[in-house]
DNA sequence: CTTGAAATTGAAGCAGG
DNA sequence: CCTGCTTCAATTTCAAG
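Chains as they are written, first to last, in my numbering: chain R, 77 to 238; chain Z, 77 to 238.
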């Protein structure tokens, strides 16, 4: 049975691809077989689409999610970093160094008032202070930092929301 | 062969647990068997530790990483949201609504100058504008927003860096 | 807590529709 | 592009040390 040619979205994804991706995002257990049965298609078909999505670079990989609290890092913060000089090489070097700082979960190079936003985690307030003072403000290009405690972090629905 | 009792860290994790977690974070292919062989222990042992870590809530789950660019969302931004009123119920209601906005990848409720930081993705500048104007600033409690384009996003080493 | 072997389940390859 | 079948590898279970 040959299905009708499916309409393609802006990124070349048909509804089946989107359904598979949504299932992957929804179900924590990302078993390739479970998706097939849930969507009512053969396992080999699902595997084929998954491989295609992987080859196309849509699915980059899969990562474990750890509980920062359970690991003993109950404190999270956003550290805004502002530079005194914006020499391209200096900025890039600093960027690489910031991502290597223990406790830095994610780093964003942003346009506007701030230069970098760092999402960090720490064991306690003292560790957070040391993270900022000993690993961020020590760099000469860093002119100013501003740390905002995170009360709560939540995931959003993302770009595939229906 | 009974190994010596292992020293526990602050979160009750021994060196073997940490080694397993680091292997999980490092290797994109999170095959349970590969970890066992890499660390030189039996598969069943590795599986046992993994189950324990899961039951303890350290390993929350596993999520697929999609390429926002490949999906057709090449634009990312941080949207700072500031409120006019800080009534607890209003704040919480807004928080829930913001996480449901299509394009919102993550949301942070922060202390300080801003109230929320939203990590968003959009297909193009117009879509980004619509996201902010039609889904965020429409709420009465939102007093002000500030959108900073993300030049580049990178992952940090996290809290388990050696 | 660790382990090897058995038993179950899921993934990968392949050729046909 | 979809599918069932075969082959293979991995996860799970369990009883013992």
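All residues carry an ideal CB built from backbone N, CA and C; glycine is no exception.
Computed from a prediction, not measured in an experiment: that's the story for all the values here.
7 Å Cβ cutoff, residue i in contact with chain R
i: residue 231 of chain Z; result: yes
i: residue 143 of chain Z; result: yes
i: residue 220 of chain Z; result: no
i: residue 127 of chain Z; result: no
i: residue 179 of chain Z; result: yes
i: residue 197 of chain Z; result: yes
i: residue 100 of chain Z; result: yes
i: residue 154 of chain Z; result: yes
i: residue 90 of chain Z; result: no
In DSSP terms, what residue i is bridged to
i: residue 198 of chain R; result: R:151
i: residue 228 of chain R; result: Z:185
i: residue 156 of chain R; result: R:193, R:222
i: residue 138 of chain Z; result: R:140
Interface residues of chain R facing residue i [CB-CB closer than 8 Å]
i: residue 228 of chain Z; result: 171, 184, 185
Secondary structure of residue i, DSSP reduced to three states
i: residue 144 of chain R; result: coil
i: residue 107 of chain Z; result: coil
i: residue 213 of chain R; result: coil
i: residue 180 of chain Z; result: strand
i: residue 162 of chain Z; result: coil
i: residue 77 of chain Z; result: Any reading at residue 77 of chain Z needs caution, since the residue's pLDDT is 40, under 50, leaving its predicted position unreliable; the model's value is listed next. Coil, per DSSP.
i: residue 233 of chain Z; result: coil
i: residue 238 of chain Z; result: coil
i: residue 89 of chain R; result: coil
i: residue 118 of chain R; result: coil
i: residue 132 of chain Z; result: coil
Exposed unless 16 or more other CB atoms sit within 10 angstroms - verdict on residue i
i: residue 207 of chain Z; result: buried
i: residue 97 of chain Z; result: buried
i: residue 40 of chain Z; result: Absent from the structure is residue 40 of chain Z, since the part of chain Z shown begins at 77 and ends at 238.
i: residue 210 of chain R; result: exposed
i: residue 214 of chain Z; result: exposed
i: residue 156 of chain Z; result: buried
i: residue 191 of chain R; result: buried
i: residue 88 of chain Z; result: exposed
i: residue 176 of chain Z; result: exposed
i: residue 93 of chain R; result: buried
i: residue 188 of chain R; result: exposed
i: residue 153 of chain R; result: buried
i: residue 61 of chain Z; result: No answer is possible for residue 61 of chain Z: the residues shown for chain Z start at 77 and end at 238.
i: residue 164 of chain Z; result: exposed
i: residue 127 of chain R; result: exposed
Within chain Z, partners of residue i - CB distance below 8 Å
i: residue 176 of chain R; result: 232, 233, 237
i: residue 138 of chain R; result: 104, 106, 138, 139, 140, 141
Below-7 Å beta-carbon distance, residue i vs any chain Z residue
i: residue 193 of chain R; result: yes
i: residue 87 of chain R; result: yes
i: residue 94 of chain R; result: no
Partners in chain R for residue i, counting only beta-carbon separations shorter than 7 Å
i: residue 190 of chain Z; result: 224
i: residue 97 of chain Z; result: 142
Chain Z contact residues for residue i, given Cβ-Cβ distances below 7 Å
i: residue 134 of chain R; result: 142, 143, 146, 147
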